[in-house]
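A quick write-up on the structure given underneath.
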Amino acid sequence: MSQRLPLRLARDATFRAVATLSAVVALLLLAWILWTLVSRGASSLSTALLVTDTLPPGRGGGLRNAIIGSLIQVGMAVIIATPIGVLAGIFLAELGDRSLLGRVVRFINDVLLSAPSILIGLFVYQILVRPFGGFSGIAGAIALGIIILPVVVRATEDMLRLVPSALREAAFALGAPHWHVVANVTLRGARAGIVTGILLAIARAAGETAPLLFTSLGSLNWSVNLTKPMSSLPVTIYQYAGSPFDEWVGIAWAGALLITLGVLFLNIVSRLLLTLGRGK
Amino acid sequence: MSDVAVGNLSSAPASRHRGFARGEQASDIIFRGVLYAAGILVLTLLGLIIILLFQGGLPVLYAFGIDFFTSSAWNPVTEKYGAVVAVYGTIITAVIAVVVAVPAAFGISFFLTEVAPPVLRRSIGTAIQLLAAIPSIIFGMWGFFIVVPLMAAYVQPALASTLGVVPVIGTLFSGAPIGTGILTAGLIMALMILPFITALFVEVLESVPPMFKEAAYGVGATTSEVFTAVSIPYGRTAIVGAVMLGLGRALGETMAVTFVIGNANRISASLFSPGASIASTIANEFPEAAPGSLKLFALLELGFLLFVLSFIVLAVARVLVRSRLET
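Note that the protein sequences, when read in sequence, are chains A and B.
Under my numbering, think of the first position of the first sequence as 43, with each following residue one higher.
Under my numbering, think of the first position of the second sequence as 7, with each following residue one higher.
Here it is in structure tokens:
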């Protein structure tokens with residue numbers, strides 16, 4: 043700081059300008075991606091897309107089976123992972139501090155949170171697909187469940203820790219058993235935050251492609267049989283986008299637009315929910 | 007690591023509660039049992055993932071031994087497989103992503119914490135975070151259909167005629183500008199990890215005690231000097247951790263890379279040339295790997311390698327990030 047003031051002020055101004063520019067560039071890139079999706083996907087977007095199944099090239103077709111397949115697999119993943127995740131989150135917040143087990147589980151959960159999703163797919167392939175004779179919707183749901191699980195655990199723990207300890211202590215002082223305090227006091231206080239975490243986890247799982255390649259595989263036919271290969275929106279987009287048929291590429295863009303709108307919608311809703319929850 | 011989260015305020019109620027819980031209500035014993043079971047389940051899950059990925063690739067280790075890790079072959083016809091090309095591609099693309107994303111993340115986090123008008127901070131921060139919500143496959147499609155042609159037509163020729171003529175690093179930016187390749191994959195990934203690293207940086211920067219910053223302002227430092235001389239040094243452990251978390255993400259990124267890396271089993275000095283990463287090789291070759299074939303085992307072994315790589319990076323990152331933010 044021994045240089046002369048004008049020089050330092052000029053450097054500060056440059057620094058600010060570069061920082062502002064980098065934020066502007068990031069926002070422009072976001073806008074560019076969204077614009078690409080709208081300009082390329084909107085033309086193929088129609089109600090026919092939502093009510094017709096995928097068809098061979100040259101015959102039009104839609105994405106109904108893919109959308110339903112995604113809804114089924116993500117829905118099942120949430121049903122499987124949420125109760126376990128919330129319980130493990132409660133475990134970390136309530137009992138996790140004084141035991142080695144708690145610290146290890148928290149660390150492991152952090153690793154799972156960032157583990158490459160393709161490895162979750164390979165794992166489910168090894169444990170479910172290979173031994174039980176084939177790709178299946180249930181395997182896809184379990185893979186997505188393993189992706190959702192650490193997000194829910196983390197959100198639950200973080201949100202429970204935000205509940206003021208005076209509230210818990212007041213409940214304990216009234217002689218309430220531990221489970222009662224958790225169920226009726228802390229969980230209630232953390233509800234909005236936990237729901238936010240679950241919604242964000244759903245948004246993440248809905249766009250996952252890699253783990254489904256090895257588990258539910260994808261299918262071009264209408265199938266809601268959980269023991270058979272099942273179509274999903276991301277995998278269908280992947281197959282269509284890489285195909286040489288313009289028609290399929292167009293449908294892939296429409297699917298990409300749909301999935302991005304859905305994911306962004308979930309993100310925005312969950313952020314609003316959190317803001318409202320905090321506002322109370 | 008041993009004292010992480012111990013002794014912070016929120017742990018007080020749980021330990022205070024310990025005394026009178028002993029020997030009490032059966033419902034509480036069941037409650038605690040269920041919680042322990044859920045915790046152990048999470049633990050078991052990761053253990054199973056490690057064991058199954060390790061076991062899955064064993065046949066390829068029996069077949070090639072240590073050669074698998076030193077060979078650059080990938081030939082389904084002669085059934086010769088090696089990990090070198092994929093490991094190289096994984097590390098190089100991840101390093102490009104981090105090298106590009108980190109300076110940008112510093113800039114954006116400085117903007118969000120010090121420059122932007124307070125009214126705009128939240129909305130701009132949220133918009134940048136939305137970038138992180140966009141699924142990987144969307145980045146892949148955008149990269150393949152939009153960015154790759156631009157790279158081939160403008161960016162790569164421009165780089166070749168400027169950086170390409172510089173001695174030593176010139177070879178990195180030489181070769182045919184075909185668009186797909188290591189460089190494009192690294193750049194797309196940089197954009198994908200940027201919001202993630204930025205969010206962590208902002209969190210770290212906001213944890214700097216105002217007193218430190220104000221002391222620097224008090225002796226006449228400018229905003230950027232406070233940022234580089236106070237905030238960054240204060241948060242350096244967590245900042246390094248955040249960068250490593252970004253690196254960990256980039257190592258395992260699959261769909262976007264698969265679209266733009268070119269999927270060629272070769273190592274070239276030029277960053278313009280197509281290559282392969284571990285994740286893109288697995289995603290790309292898996293459909294053609296018959297159950298029980300050596301190729302499938304080679305892919306599973308690659309998966310195990312990726313797991314080891316990212317586990318090390320993530321474990322170090324978590325220790326660094328948590329140690330700063332939670333004590």
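Where is the CB? At the ideal position from N, CA and C, for every residue including glycine.
As the structure is a computational prediction, the values presented were derived from the model and not from experiment.
{"Asked": "Ala252 of chain A versus Ala289 of chain B: straight-line alpha-carbon distance, rounded", "Found": "7 Å"}
{"Asked": "Best match in A:Pro206, A:Gly249 and A:Val153 for proximity to Leu113 of chain A [C-alpha to C-alpha]", "Found": "A:Gly249"}
{"Asked": "Cβ of Pro271 of chain A within 9 Å of any chain B Cβ", "Found": "no"}
{"Asked": "Closest Cα partner of Leu206 of chain B within the set B:Ile143, B:Thr76 and B:Val327", "Found": "B:Val327"}
{"Asked": "Listed by chain order, chain B residues near Thr251 of chain A by CB distance under 8 Å", "Found": "Pro141, Ser142, Ile143, Thr260 and Met261"}
{"Asked": "Beta-carbon proximity of Ala262 of chain B to Ile194 of chain B, cut-off 9 Å", "Found": "yes"}
{"Asked": "Nonlocal neighbours in the same chain, by C-beta distance under 6 Å from Ile190 of chain A, ignoring five residues either side", "Found": "Ala119, Ala123, Ala243 and Ala247"}
{"Asked": "Rounded separation between Gly258 of chain B and Val171 of chain A - CA only", "Found": "22 Å"}
{"Asked": "Cβ distance (whole Å) where Leu134 of chain A is taken to contact Val223 of chain A below 8 Å", "Found": "With a Cβ gap of about 16 Å, Leu134 of chain A and Val223 of chain A do not count as contacting."}
{"Asked": "Three-state secondary structure assigned by DSSP to Trp221 of chain A", "Found": "helix"}
{"Asked": "Neighbourhood of Val128 of chain A by C-beta distance below 7 Å, restricted to the same chain and skipping five residues each side", "Found": "Val194, Thr198 and Ile236"}
{"Asked": "For Ala27 of chain B, three-class secondary structure by DSSP", "Found": "In this prediction, Ala27 of chain B has a pLDDT of 48, which is less than 50 and means its spatial position is unreliable; what the coordinates show is noted afterwards. The answer is helix: DSSP assigns Ala27 of chain B an H, G or I state."}
{"Asked": "Cα-Cα separation between Asn151 of chain A and Ala323 of chain B, rounded to whole angstroms", "Found": "14 Å"}
{"Asked": "Chain A within 9 Å of Ala27 of chain B, Cβ atoms only", "Found": "Residue confidence is low: Ala27 of chain B scores 48 on pLDDT, short of 50, so the model does not pin down where it sits. Its coordinate-derived value is still stated next. Yes, Ala27 of chain B lies at the interface with chain A (some Cβ there is under 9 Å from its Cβ)."}
{"Asked": "Completely contained alpha helix (DSSP H) runs for the stretch 23-74 of chain B, where each covers 4 or more residues", "Found": "32-62 and 64-70"}
{"Asked": "Validate contact between the stretch 88-104 of chain A and the stretch 306-320 of chain A using beta carbons, cut 8 Å, 3 pairs", "Found": "no"}
{"Asked": "Residues that Ala296 of chain B contacts on chain A, provided the C-beta gap is smaller than 9 Å", "Found": "What Ala296 of chain B touches in chain A: nothing, since even the nearest Cβ is about 12 Å away."}
{"Asked": "Reduced DSSP secondary structure (H/G/I, E/B, other) of Asn81 of chain B", "Found": "strand"}
{"Asked": "Inter-residue spacing [alpha-carbon to alpha-carbon] between Tyr282 of chain A and Ala298 of chain A", "Found": "11 Å"}
{"Asked": "Thr190 of chain B versus Met157 of chain B - alpha carbon distance", "Found": "7 Å"}
{"Asked": "Beta-carbon neighbours of Pro158 of chain A, restricted to chain B and to distances below 8 Å", "Found": "Leu257, Gly258, Glu259, Thr260, Ala285, Leu312, Phe313 and Ser316"}
{"Asked": "Secondary structure of Lys270 of chain A, DSSP reduced to three states", "Found": "coil"}
{"Asked": "Leu150 of chain A: contacting residues in chain B (beta-carbon distance under 9 Å)", "Found": "In the sequence under discussion, the amino acid at residue 150 of chain A is Ile, which differs from the Leu named in the question. Result: Val48, Leu49, Leu51, Leu52 and Gly53."}
{"Asked": "Extent of the continuous alpha helix (DSSP H) to which Leu191 of chain A belongs", "Found": "Gly179 to Leu204"}
{"Asked": "The stretch 150-167 of chain B contacting the stretch 206-220 of chain B, beta-carbon criterion three pairs below 8 Å", "Found": "no"}
{"Asked": "Partners in chain A for Met250 of chain B, counting only beta-carbon separations shorter than 9 Å", "Found": "In chain order: nothing, as chain A lies at least about 10 Å away."}
{"Asked": "Strand pairing of Lys86 of chain B, partner residues [DSSP]", "Found": "B:Asn81"}
{"Asked": "Short CB-CB distance (under 9 Å) between Trp221 of chain A and chain B", "Found": "yes"}
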